[in-house]
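In what follows, a single structure is set out as structure tokens and then discussed.
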Amino acid sequence: MRVGILGSGLMGAKLGTIFARAGHEVVFSYTRSERKLKRLAREAGGKARAGTPREAAQDADAVLLAVHWLRFDDVLKQAGDLSGKVVVTCSMPMNEDNTELVVAHTSSGAEELAKRIPKARVVAAFGTVPSEVFFDVYEARRKAKRPSLLYCGDDRRGKEVAAGLIRDAGFDPV
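Just so you know, we're using the working numbering here: the sequence shown kicks off at 10 and counts up by one.
Shown next as structure tokens:
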């Protein structure tokens, strides 16, 4: 599967690396440093490479949106048309200093994202897990007892794709 990574900070870098090591074609994008993107791709190995957000999204079967909530508009503009794409978001709808939710109680970040990209298949996943545990979970993925990971969405195909990525990362999708 081709996976575009929009946001190559802690979450995007680690999940993108795991997806590449699990055999997916990965394009890392959206960071302040092109050198960082190239390093991430090199360290991830496999079929990983660096690119622009548009390149990451263009031919992707799935896109991981891993940027701060306040950067959504910018990265979505750079990514271009996401119609029909599975967009997995691990981003939490937090204010600039991460002290409070900007969407809460009556909606969710994924629901608000789906309003911005209504023709995409939006699924929320990975946002409830700290990035520090991803590599350990991936390394232990063949053990009989795997940790569960919650995900949600309202598109069956989108959830199937997200569930596959969740399994590839070493979790059992719930």
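C-beta atoms are modelled at their ideal positions from N, C-alpha and C, and glycine is treated no differently.
Cβ-Cβ distances below 7 Å link Val146 to Pro156, Ala178, Gly179 and Phe180 in the same chain, with the five nearest sequence neighbours on each side left out; the list follows chain order. The beta carbons of Phe37 and Leu49 sit about 5 Å from each other, so the pair counts as a contact at 8 Å.
A straight-line Cα-Cα distance of about 23 Å links Ser42 and Arg30.
Within the stretch 46-120, the complete alpha helix (DSSP H) segments of 4 residues or longer fall at 62-67 and 81-88, listed in chain order.
The residue among Tyr39, Glu34, Lys124 and Ser17 with its C-alpha nearest the C-alpha of Met10 is Glu34. Linking Cys161 to Ala133 through their CA atoms gives a straight-line distance of about 5 Å.
Between Pro182 and Val170, the alpha-carbon positions lie close to 11 Å from each other. Judged by DSSP in its simplified three-state form, Phe135 adopts coil rather than helix or strand.
Thr61 has its alpha-carbon roughly 20 Å from the corresponding atom of Gly93.
By the criterion of at least three beta-carbon pairs nearer than 8 Å, the stretch 134-153 is not in contact with the stretch 106-114.
According to DSSP, residue pairing for Ser157 in a beta bridge involves Asp181. In the DSSP annotation of this structure, Arg11 is not part of any alpha helix (DSSP H); the continuous beta strand (DSSP E) holding it starts and ends at Arg11 to Leu15.
The C-beta distance from Val131 to Leu158 rounds to 17 Å, too long to meet the 8 Å contact threshold.
In the three-state reduction of the DSSP assignment, Gly18 falls in the coil class.
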